[in-house]
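Q:
Number of protein chains: 2
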Amino acid sequence: MTRKPAALGRRANRGVAAAVSDPISPLEAHLGYWLRVASNHVDQQLARALGAHGVTPAEWVVMRALYDAGPVAPSVLAGRIGLTRGAVTKLVDRLRAKALVVRAHGPGDRRYQIIALTGAGAKLVPALAQLVDESDSAAFGAIPAETRATIEAALRRIVAPAD
Amino acid sequence: MTRKPAALGRRANRGVAAAVSDPISPLEAHLGYWLRVASNHVDQQLARALGAHGVTPAEWVVMRALYDAGPVAPSVLAGRIGLTRGAVTKLVDRLRAKALVVRAHGPGDRRYQIIALTGAGAKLVPALAQLVDESDSAAFGAIPAETRATIEAALRRIVAPAD
DNA sequence: TATTGTTATACTCTATAACTATA
DNA sequence: TATAGTTATAGAGTATAACAATA
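From first to last, the protein sequence lines are chains A and B.
Position 23 (the first sequence) corresponds to 49 in the working numbering; numbering is contiguous.
Position 59 (the second sequence) corresponds to 85 in the working numbering; numbering is contiguous.
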């Protein structure tokens, strides 16, 4: 019979009145949609680039943050890059397995630990940074600098509305 | 001893010359970074809102696309929302388990299948659409409309540079 | 052989909550 | 009890590649 599925006649059923009273916004009308699509897109490109060095985007973020911060406690790191402590633990574990990061007890409060890049990790950061620069340029280079600044400002506001 | 980890003296070691010749761009300098952070942020908010109806953001995208497209083949759907066929199969499977979508054989080429919303699925879409509207407004409402348009245009270009 | 769709596998990324050790 | 960190669990999201059925 090839009976029509329930939704098949939807448009016709909604008719004129419904079409007016019930104007559903399209998928593409939401900025969140484009944000998700673009982010996935860009992230995958970055993953490919970093993959040559066996590092993932999230791992890169941890490494880059450590590079600037020096040895810090996991909780501090989590706060800086906006992740939970559990998420940081997992990323750090992976980086430790790759000998890019080390963990040690701090001298004072024994509950605290200290995370730091290893020599190999610190050495790798500039190389990775260049890949990230290139990836970012490839993705956004066509956008005028002024527009990029506008976008960055807007995205920052979204994440930290308190600022 | 509390020996310093390898990276501890990094800054001092790099010194003046290195600081000039080797200026690594900060994490926050990359638009890709903010895109990822903001996208995760917004996506989680949306997930919370849609979660009340047992639907995930990715599932919503499929439902919304079906709502407009009517019954279509999985491959067509995949093309429209920019996913692989495998990914679409998985999402559709989940939606079928929730009785929001049905799958049937098309009349012609037996390789083709047809995906369509069920009555329940079609009925749910407008309600979800409103949640998505609200979520999008909550996330981006503070951004001027003009800026939003600029951002959307830029993101579109990133995803489809061929356009 | 080429194409459609499914299945199997494998990863990333993230969160929540329970648990351990320390304070 | 409160805090730092870990561990366990869970689930979303995606991709790739091998496979079956059909053309």
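The beta-carbon is built from N, C-alpha and C at its ideal position, and this holds for glycine as well.
From what residue to what residue does the beta strand (DSSP E) around A130/A run?
A: Along the first sequence, read from residue 1 onward, the residue named residue 130/A stands at position 104. V127 to H131 is the span of the beta strand (DSSP E), which, as asked, contains A130/A.
Q: Counting only the same chain and skipping the five closest in sequence on each side, list residues whose C-beta sits under 8 Å from that of A164/B.
A: Mapped onto the second sequence, residue 164/B falls at position 138. Taken in chain order, the residues that qualify are Q71.
Q: What residues in its chain sit with their C-beta under 7 Å from that of L53/B, if we drop five residues either side in the sequence?
A: The residue given as residue 53/B occupies position 27 in the second sequence. These residues qualify, in order along the chain: Y59.
Q: Cutting at 7 Å between CB atoms, please list the residues of its own chain near L117/B, excluding the five before and the five after it.
A: The sequence position of residue 117/B within the second sequence is 91, counting from 1. The answer, listed in chain order, is A84, E85 and V88.
Q: Could you name the residues of the same chain whose beta carbon sits closer than 8 Å to that of I140/B, not counting the 5 residues immediately before and after it, in chain order?
A: Counting from one through the second sequence, the residue named residue 140/B turns up at place 114. Cβ within range, chain order: P97, V98, A99, R129, A130, H131 and G132.
Q: Which term fits R111/A, buried or exposed, when burial requires 16 or more other beta carbons within 10 angstroms of its beta carbon?
A: In the first sequence, residue 111/A corresponds to position 85, counting from 1. Its Cβ having fewer than 16 others within 10 Å, R111/A is exposed.
Q: Relative to the alpha-carbon of P152/A, which residue among S101/A, A64/A, L76/A and L61/A has its alpha-carbon at the smallest distance?
A: Locating residue 152/A in the first sequence gives position 126, counting from the first residue. Closest in C-alpha terms to P152/A, from the list S101/A, A64/A, L76/A and L61/A, comes L76/A.
Q: Tell me the residue span of the alpha helix (DSSP H) that contains I184/B.
A: One-based indexing of the second sequence puts residue 184/B at position 158. That run of the alpha helix (DSSP H) goes A171 to V185.
Q: Measuring straight from C-alpha to C-alpha, what distance separates A32/A and E172/B?
A: One-based indexing of the first sequence puts residue 32/A at position 6. One-based indexing of the second sequence puts residue 172/B at position 146. Confidence is the limiting factor: at A32/A the pLDDT is only 43, short of 50, which leaves the residue's position unreliable, though a coordinate-based value still follows. Computed Cα separation, rounded: 40 Å.
Q: Assign A91/A to buried or exposed, taking buried as 16 or more other Cβ atoms, counted over all protein chains shown, within 10 Å of its Cβ.
A: By 1-based counting over the first sequence, the position of residue 91/A is 65. Burial call: buried.
Q: Please compile the residues from chain A whose C-beta is within a distance smaller than 8 Å of the C-beta of R62/B.
A: If you number the second sequence from 1, residue 62/B lands on position 36. Per Cβ cutoff of 8 Å: S65, V68, D69 and P83.
Q: Any Cβ of chain B within less than 8 Å of the Cβ of P31/A?
A: Here residue 31/A corresponds to residue number 5 of the first sequence, with the count starting at 1. Any reading at P31/A is ruled out, since the residue's pLDDT is 43, under 50, leaving its predicted position unreliable.
Q: Is it right to say D69/B is buried, meaning 16 or more other beta carbons lie within 10 angstroms of its own, or is it exposed?
A: Reading the second sequence from its first residue, position 43 is the one you call residue 69/B. The residue is buried, with at least 16 neighbouring Cβ atoms inside 10 Å.
Q: For L154/B and H79/B, which I take to be in contact (beta-carbon distance under 8 Å), what is that distance rounded to the nearest angstrom?
A: Along the second sequence, read from residue 1 onward, the residue named residue 154/B stands at position 128. Along the second sequence, read from residue 1 onward, the residue named residue 79/B stands at position 53. Indeed they touch by this definition, with Cβ atoms about 6 Å apart.
Q: Taking the alpha carbon of I50/B as the point to measure from, which residue in A168/A, E160/A and E178/A has its own alpha carbon closest?
A: Within the second sequence, residue 50/B is the residue found at index 24, counting from 1. Nearest of A168/A, E160/A and E178/A to I50/B, Cα basis: E160/A.
Q: Does the beta carbon of G77/B come closer than 8 Å to any beta carbon on chain A?
A: In the second sequence, residue 77/B corresponds to position 51, counting from 1. Closer than 8 Å: no.
Q: So the beta strand (DSSP E) L143/A belongs to, where does it begin and stop?
A: Here residue 143/A refers to the residue found at position 117 when the first sequence is read from its first residue. Its beta strand (DSSP E) spans residues Q139 to L143.
Q: For G112/A, decide whether its Cβ has a neighbour in chain B, counting only Cβ atoms nearer than 8 Å.
A: The count along the first sequence starts at 1 and reaches residue 112/A at position 86. Cβ-Cβ to chain B under 8 Å: no for G112/A.
Q: How long is the line joining the alpha carbons of R137/A and P170/A, rounded to whole angstroms?
A: Along the first sequence, read from residue 1 onward, the residue named residue 137/A stands at position 111. Along the first sequence, read from residue 1 onward, the residue named residue 170/A stands at position 144. Roughly 48 Å between the two C-alpha positions.
Q: Compare the C-alpha of I107/A against each of N66/B, L150/B and R183/B and name the closest.
A: Within the first sequence, the letter at position 81 stands for residue 107/A. Looking from the CA of I107/A, the closest CA among N66/B, L150/B and R183/B belongs to N66/B.
Q: Do you know offhand how far L121/A's Cα is from V127/A's?
A: Locating residue 121/A in the first sequence gives position 95, counting from the first residue. Locating residue 127/A in the first sequence gives position 101, counting from the first residue. L121/A and V127/A: Cα-Cα distance of roughly 6 Å.
Q: Can you find a C-beta in chain B that's less than 8 Å from the C-beta of D162/A?
A: For the purposes of this step, residue 162/A is taken as residue 136 along the first sequence, with counting starting at 1. Chain B contact via Cβ: present.
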